[in-house]
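FYI, in full-length UniProt numbering the residues of the sequence shown are 1 to 591. Where a beta carbon is used, it is the ideal one built from N, C-alpha and C, also for glycine. Source: prediction; values computed, not measured. Before any comments, here is the structure.
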Amino acid sequence: MTSEICMPGPVCLIENTKGQLVANEEALKILSAITQPVVVVAIVGLYRTGKSYLMNKLAGKKKGFSLGSTVQSHTKGIWMWCVPHPKKPDHTLVLLDTEGLGDVEKGDNQNDSWIFALAILLSSTFVYNSMGTINQQAMDQLHYVTELSDRIRAKSSPESNSKVEDSADFVSFFPAFVWTLRDFSLELEVNGQPISVDEYLEHSLKLKKGNDQKIKNFNEPRLCIRKFFPVKKCFIFDRPAQRKYLVRLEQLKEEDLNLEFREQVTEFCSYIFSHSRTKTLSGGITVNGPRLKSLVVTYVSAISSGDLPCMENAVLAMAQTENSAAVKKAIAHYDQQMGQKVQLPTETLQELLDLHRASEREAVEVFMKNSFKDVDQKFQKELWAQLEAKRDDFCKQNLKASSDCCMALLQDIFAPLEEDVKQGTFSKPGGYHLFIQKMQELKNKYYQAPGKGLQAEETLKKYLESKENVADALLQTDQSLTEKEKEIEAERIKAESVEAANKMLQEMQKKTEQMMEQKEKSYQEHLRQLTEKMERDRAQLLAEQEKTISLKLQEQERLLKEGFQNESQKLHKEIQDLQKRSTPSGPCTIL
């Protein structure tokens, strides 16, 4: 399933049982396996208006989503069908068919509002399907769009608790809006002049002047569609066949369907395949199967607990899961790299630190690539701490490997000398000098042996200290030496010991300096990559905000041209607020 999803038919994604919305585990499991980016197309409309037929055509199948043949609504909740995208390689097309709105059997409108809101939140293209023309009845049936600011939150805690200000951000993450008009029989013209389908939609969304309640009710849904959905498209469909055949529409052969209807369906499918965008979140985050699953779970959970589904909360919940996984992925990469490159013991500490630094840099790159919305760098700090612990552990392993190697080497080299001491070879006049001479030869042999690592000097020093009593006994019993010579030799040994101790102290200071330098380099590497990522994210965010501002400016200009000064001023204030947020703030404290 990593390369291509294969679903023989749709499954229920969000069940609607006794007024309760519940995410279906089987569908969530399917989403978890889709690693490709997803294009999500959701269709919403009144029950028994032929939504499912269009979705089956998008899936490239005659059957799948239930069409039904009576006035009863067939689709309950939200059903999902994932198919390979026919035009975008390495993308999955996720089709969401929703239960019909306004089903008299339900009686409760509350669920319809949530189904409508969820379809908008989950999709990258939102298809609204209705019968006939766009008249006031059609607009009244689309009242759900006027409730969106009561159903959806862009931010978890808007700076002012104004729903209007929060809804100003809807444009940044709302889907493209496609209105499909079924059994359309009107001539497309205004004032006797022919117009296109899209011009018909724009004309239908024009506002009326006046302040009485009737005009406000007329304008409200139109204004919401214009404000929330700057990208709009309209399709009209003739009746597919004679009424008597409609009850078995899915059984009809293509040639039995009205030719114009077939052409209109082909045009609709072609547009959806070519123009529907990959689902993204704020900051340009591309949505794949697991991320879509996370959105479903977070939104449905919020609704079930009586809260409003919130885009910011959904993204942060997703980030928690993915950033935690990003830390694990980065650590796994570090372990793999160090396992391949490091051969303990290393000759110098710097050699090990250089290998660590190279592997750490790659690990941080892996984390940056797989993480987003890391608030206060919580997860990067966790990664940094784990990498420091890994480095320290490698340093300990390196010392132990060196000690073990050196001890084995010393035992091998000095074994014959120890045997000679036992045999009394040096217990004779002049024996002490022979012992010292032999000792020096073996020390030189030890120094020449490769691969000893960092503990070469310290291990040798400890070994020689353990043999001091032997050397001292030979010195004191050597009858060829005068007392004065013995004193001079004792002083020489003492001076050698002091020199060795000083050398070790210098080595320790050098290692401490190297570790401090490495920590600083590590910090700078984390800082560099974080700064670059923050700059990229900010550029992405600014580009999104500029696009949103541009779309709002176009709508403001249209409202001004149409003479709606008050509405234009409201939109102008939204634009100013967005522009303020786009202004760079002070320096950000990181790490």
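{"Item": "Reduced DSSP category for K62 - H, G, I as helix; E, B as strand; rest coil", "Value": "coil"}
{"Item": "At least 3 beta-carbon pairs within less than 8 Å: the region 223–238 vs the region 145–156", "Value": "yes"}
{"Item": "Integer-rounded CB distance, given that I34 should sit under 8 Å from N323", "Value": "With a Cβ gap of about 20 Å, N323 and I34 do not count as contacting."}
{"Item": "Enclosing alpha helix (DSSP H) for M7 [first to last residue]", "Value": "It is not in any alpha helix (DSSP H) - M7 carries neither H nor E in the DSSP assignment."}
{"Item": "The region 123–138 in contact with the region 36–52 per 3-pair CB rule at 8 Å", "Value": "yes"}
{"Item": "Minimum C-alpha distance to A415 - residue among K428, M439, Y432, Q397", "Value": "M439"}
{"Item": "Alpha-carbon spacing of A408 relative to A358, whole angstroms", "Value": "32 Å"}
{"Item": "Euclidean distance between Cα positions of V197 and A241", "Value": "22 Å"}
{"Item": "Segment contact, 8 Å Cβ cut-off, at least three pairs: the region 328–343 with the region 381–401", "Value": "yes"}
{"Item": "Sequence-distant residues of its chain with Cβ nearer than 8 Å to A471 (five each side left out)", "Value": "Y432, F435, I436, M439, I493"}
{"Item": "Presumed contact (8 Å Cβ cut-off) between C6 and A27, rounded CB distance", "Value": "No, C6 and A27 are not in contact; Cβ-Cβ is about 15 Å, not under 8 Å."}
{"Item": "Sequence ranges, beta strand (DSSP E) only - wholly within the region 277–301, length at least 3", "Value": "none"}
{"Item": "Which of helix, strand or coil DSSP assigns to I193", "Value": "Residue identity check: residue 193 is Gln in the sequence provided, not Ile. Correct three-state label for Q193: strand."}
{"Item": "Cβ neighbour criterion (16 or more within 10 Å) applied to L95", "Value": "buried"}
{"Item": "Top-ranked residue by Cα proximity to S32, from C82, G64, E15, G60", "Value": "C82"}
{"Item": "Burial state of D112, where buried means 16 or more other Cβ atoms lie within 10 Å", "Value": "buried"}
{"Item": "Contact set for L464: own chain, Cβ-Cβ below 7 Å, skip 5 residues either direction", "Value": "none"}
{"Item": "Collapsed DSSP secondary structure at M1 in the structure displayed", "Value": "Confidence is the limiting factor: at M1 the pLDDT is only 41, short of 50, which leaves the residue's position unreliable and the question unanswerable from this model."}
{"Item": "C-beta contact flag for D90 and F65 at 7 Å", "Value": "no"}
{"Item": "Spatially closest choice to K155 from C310, A319, M515, E557, by CA coordinates", "Value": "C310"}
{"Item": "Same chain only: Cβ atoms within 6 Å of V297, ignoring 5 sequence neighbours per side", "Value": "A23"}
{"Item": "Cβ-based burial, K452 [other Cβ within 10 Å; buried from 16]", "Value": "buried"}
{"Item": "Stretch pair the region 267–274 + the region 46–61: three plus CB contacts closer than 8 Å", "Value": "yes"}
{"Item": "6 Å Cβ shell around A317 - same chain, five flanking residues per side excluded", "Value": "T298"}
{"Item": "Beta-carbon proximity list for L353, same chain, < 7 Å, skipping 5 on both sides", "Value": "Q514, Q518"}
{"Item": "Beta-carbon spacing of A314, L344 below 7 Å", "Value": "no"}
{"Item": "I225 versus L292, T49, V178, residue with shortest Cα-Cα distance", "Value": "V178"}
{"Item": "Whether I303 touches L21 by CB criterion (7 Å)", "Value": "yes"}
{"Item": "Option in K467, L460, H85, C406 with minimal Cα separation from P450", "Value": "C406"}
{"Item": "Spatial neighbours of F397 in its chain, beta-carbon cut-off 8 Å, leaving aside the 5 residues before and after", "Value": "Residue identity check: residue 397 is Gln in the sequence provided, not Phe. Here the set comprises L344."}
{"Item": "Contacting residues, own chain, Cβ-Cβ under 8 Å from K206 (five flanking each side not counted)", "Value": "R222, E562"}
{"Item": "Buried versus exposed, by CB contacts within 10 Å (16 or more), P37", "Value": "buried"}
{"Item": "Under the three-state DSSP convention, the category K232 falls into", "Value": "strand"}
{"Item": "7 Å Cβ cutoff met for Q350 and L399", "Value": "no"}
{"Item": "Span separating the alpha-carbon of residue 592 from that of E25", "Value": "One cannot answer for residue 592 here, as it falls past the ends of the chain, which runs 1 to 591."}
{"Item": "Continuous beta strand (DSSP E) stretch holding D374: start and end", "Value": "No beta strand (DSSP E) holds D374; DSSP gives it neither H nor E."}
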